Structures are given as structure tokens and as C-alpha cells.
Amino acid sequence: MSQVGDAKEIRSPSADAPSLLNEPIAPVPQAITIPDGGLRAWLSVLGGFCVLVSTFGYSNSFGVFQDYYVLKGASTASNVSWIGSLQLFLMFAMGLPAGRLFDAGYFHHTSVIGSFLYVFSIFMLSLADPRRYYQLVLSQGVGMGLGSGLLLVPTMSAQAHHWRKRRSLAMGIVMTGLQAFPYSNRALESDRIIGSGVGGLIYPIMLNRLIYSKVGFAWGVRATAFLTLGLLIIANCTITTRLPSAKNRPPGPKPDIKAILSDMPYVLVLVTAFLVLWGMFYPYFYLQLWVNLHGLSNNLAFYTIAILNASSLPGRVIPNMLADRLGPFNVLIPVSLITSALVFAMFGAGNVGAVIVFSILYGFFSGAAIAVFPPTAASLSKGVHEIGLRLGLMYFVSSFALLTGTPIVGALYDAGYRWFRPIVFSGVVIIAGAFVASIGRHLTIRRKGSKLV
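Each residue of the sequence shown is one higher than the one before, counting from 15 in the numbering used here.
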């Protein structure tokens, strides 16, 4: 991923430099223009899409792995599920150091190292014995988690170097590669249904077809490693930033983590992200089980997650287009409230038509909430020099919500199939997140003097 913009796009400070950086600091030797389009900008969107497909797309396949590992006797289903949880946790938690490295001008180094570590870990997974739990933890949980963590935040942050007025749209398009989060072993009696029911996702289909055929585990995983390598080569060739590398960068403003953490609207965005993501993924993990236990169509159970994923694609683009016009806060709050209301609406999803409508609506609005968080955090930045740190902090905080949310829901649900408790927990914490976001919106309106925030 190249880093240095065209020389003509880097210019000396002028009267509009303060508006670009939006902070009363000493004159900066350079400022950058943000074109809001052009070939380099759209190539960066393409590269970002490839990164999210190869990282989150792969994490979506963990239902396939979990089924296979349990069948091979690696460990219990509960222990095996921690491999996927660890991978996702590290993917988000690494956002903090990766974001700081991005802001410091080490984007190229971070992406190359992250790409190498990620692909290398997949190849190491192909050499692992599926019966040896520690080998799976090291290669898939730790290695792939760290590698993908070095890629995620820099990829999202780079979009802010090319987009200002259409930043939310660009980030939303990139995040269509995300689809959804990995599925829990608790969701169905047969995890193979989880892995194959994703429908449009490449990796789960690939792995199901290869691992359970004559190709086998080792070469099935290697095939996905080669696919991932190709996607990340495209990403490294297309994503660019508009600031020089650390070696060639002149003195300028540097992100101050203390100042960022004293920015109250931003802190409230962190709290909102934690609360909303804490409760959001209950339907993704349990909707298929809900369908099965309520005696609805087996085919419907098979396709519920596919419907959620398909409807999340427009949910990540259309609301983000509105966020560019109305402001990200003005989109985040209503989509979070609607997501919460839909969680409670699960109580009424007692027939095939209701489940289909619920899946479409929940996929759309939960996808919107996921996609609007990065532009919301980025909108509070005082300049492109600190966007990496702000996004990294948000992902770092969110990692703990993702690590603990599903186990809490599982404990509330337990073997007695008590649907009331996890539904209420998920719905209430999302409402709380929307309430916190409304406070952040109020403070941001007072700061900017505009309701379009």
C-alpha cells in the first residue's frame, strides 16, 4: 500500500489550513487536499473491500472450523469456540497500536507485516493437527487475530485521506466486505448448518466443499490461504494515503491520546460503540435456533443468516449516504433505536413470514449501525493526523464488548431456553447506547453550531 501522494496535492499552509485541521495550533509545514473522489480514492475503496473480505470474510467461516474440530476431538465445543472469539478479539484490540502506527506514517510497514503474518498463519493452520487444540489456538486464534488486527484500522483510516464529504459512503462500501460476525456453536445443534447457511460468503462455501471432500483439511485451508494472498496483494497495490511516510514526513501535529480521551463527545462514542455492539449480535447467533425450536421450516432455519447478511449490504451503504448529508450522529441514533426495537420484536417472530421480515429489517439496520460507527468517530477528529488513533481506540474498546457479549447472552439463555432474558439484555443495552449517543450529539451540536452532526 503506497503512501506518498502526488507532489502537486501537497501544498503549503494557506488561509484554509485551519479549516482542514480544525484546531488552533502552530502553523503546520504541510496540509493535504482531500479530493472526495478520483481514481486513487476509488482504488483505495476497492483495496479496503478486499481487506475486509479476507479478514472478516474468513472469520465468518469459523462455524465450519468449529464443527470440524469438535468432530476430530480437538476439545469440547465450548473450548473450541474460544479460538474464534480470540481471533475476533485480537482483530479489534490490535486497532489501538495499529492506529497509532498509521498516524505516525508507518502504514506501508503495518500493512505488509499484517498481510504476511495473516497469510503465514493460515498456512500454519493448514499444517496444524486438528486434534491438537494448542496448535489451533496459536495459528488461528493468535496468529490470524494479530495479523488481521494490523490490517483493519489502517485500512479504514486510509479512506479518510481520500474522502471528506462522502467519507461515510466510502467507509460503508468498504464495510460491505464485512458481512457479519462469526457464528457461535450455541446457535445450532449442527454447526455445519452454520457454516453452509451463509450463502453468499466465499470462505464458508469453499471450506465446506473442500474440507469435507477428498481434498481434506490441509489443502482446503491452503486453498483459502492462496485466495487470501491474492486479495491482500490487490489491497497492498491499491490502498494509498495522502501523507508522506514517517521517514519523509516534516514536523507537524501529532495525535495526543490524552487530549482525545478528554474529548467528551468522542468518549461518548466509545461508550456507545461498546453498548451497541455488546447487544447487537444476539440474533446473528440465535435466530436459527429460534426457528428450529419454534417448529418452523427447516429450510428457513438454513437461510436465516443468509437473509441477515444479504440485507446488511444495503444497510451499510444507504444509511451511510444519508450520514454524509445529515451527519453520522443523526443516522447512528435512529438506526440504533430501531435495532433495539427489532430485538424485542423477536418475541413476535412466530411464523415464517414474521421471521423473514425480521431477518430483512434486522440485517439492514444492524448493518447500518455497524457501518456508521467509523465515520462518526472520524467526524470528531481535528485532522487526518489523528484519525487512525481515534478509530483504533474505538475498535479496541469494542473488542471487549465482542469478547464478553456472546458469553453473557449464552449464560442468560442457558439450557432452559429462556428467551426472555437474553432478548431483554440485548435490547436494553442497545437502547442505552443510543441514549449515550444522543448526549454526544447534543455536545457536538453545541461545539459545531450545526445540527448536521
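We put the CB at the ideal spot given by N, CA and C, even for glycine. As the structure is a prediction and not an experimental result, all values here were calculated from the model.
Query	Result
Residue closest to ALA359, alpha-carbon to alpha-carbon, out of TRP433, LEU407 and GLY109	TRP433
Same chain, Cβ closer than 6 Å to ALA448, neighbours up to 5 away in sequence not counted	ILE347, SER350 and LEU351
Cβ-based burial, HIS308 [other Cβ within 10 Å; buried from 16]	exposed
Residue nearest to GLN101 in terms of C-alpha spacing, selected from GLY51, LEU322 and LEU152	LEU152
Limits of the unbroken alpha helix (DSSP H) element including ASP530	The chain is shown only over 15 to 467; residue 530 falls outside these bounds and no answer can be derived.
Residues that ILE225 bridges to, as DSSP identifies them	Looking at the DSSP assignment, ILE225 forms no beta bridge with any residue, so it has no partner.
Euclidean distance between Cα positions of ILE253 and GLY51	14 Å
CA-to-CA distance, ARG263 to LEU322, given in whole angstroms	44 Å
Beta-carbon spacing of ALA239, VAL133 below 9 Å	yes
Reduced DSSP category for ILE253 - H, G, I as helix; E, B as strand; rest coil	coil
Close-in-space but distant-in-sequence residues of the same chain around ARG330 (CB under 6 Å, 5 per side omitted)	GLY186, MET189, THR190, GLY381 and ALA385
Cα-Cα separation, LEU57 to PHE63	10 Å
Coarse secondary structure for ILE219, derived from DSSP in three states	helix
Proximity test, SER393 beta-carbon vs the ligand ZN heavy atom, cut-off 8 Å	No copy of the ligand ZN occurs in the structure displayed, which carries no ligand at all.
Alpha-carbon spacing of ILE401 relative to GLY441, whole angstroms	30 Å
The stretch 231–246 in contact with the stretch 67–78 per 3-pair CB rule at 8 Å	yes
Rounded straight-line distance, which links the Cα of ALA174 to that of LEU416	25 Å
Length of the line joining the Cα atoms of LEU426 and LEU291	17 Å
Buried/exposed call for MET105, threshold 16 Cβ in 10 Å	buried
Buried or exposed (CB count within 10 angstroms, at least 16 for buried), TYR82	buried
Nearest neighbour of TRP96, chosen from TYR148, VAL285 and LEU141 [CA to CA]	TYR148
Reduced DSSP category for ILE46 - H, G, I as helix; E, B as strand; rest coil	strand
Distance between ILE48 and MET408 (C-alpha atoms, nearest Å)	23 Å
Counted within 10 angstroms of its Cβ, other Cβ atoms place LEU85 as buried (16 or more) or exposed	exposed
Pair within 9 Å by beta-carbon distance, PHE343 and THR458	yes
GLY119, enclosing alpha helix (DSSP H) - first and last residue	No alpha helix (DSSP H) contains GLY119, which DSSP labels as neither H nor E.
Three-state secondary structure (DSSP) of ALA88	coil
Separation of TYR226 from THR420, as counted between CA atoms	28 Å
Reduced DSSP secondary structure (H/G/I, E/B, other) of LEU284	helix
Pair within 9 Å by beta-carbon distance, LEU245 and SER68	yes
ASN199 - DSSP class collapsed to helix/strand/coil	With a pLDDT of 42 at ASN199, under the threshold of 50, the modelled position of this residue cannot be trusted; read the value that follows with caution. Correct three-state label for ASN199: helix.
Same chain, Cβ closer than 6 Å to LEU336, neighbours up to 5 away in sequence not counted	VAL345
Nearest-angstrom Cβ-Cβ length linking MET158 and ILE136, presumed shorter than 8 Å	7 Å
Rounded C-alpha distance that separates SER125 from ILE248	12 Å
Assigned secondary structure, ARG330 (DSSP; H/G/I helix, E/B strand, else coil)	helix
Residue span of the alpha helix (DSSP H) that contains ALA55, given as start and end	53–73
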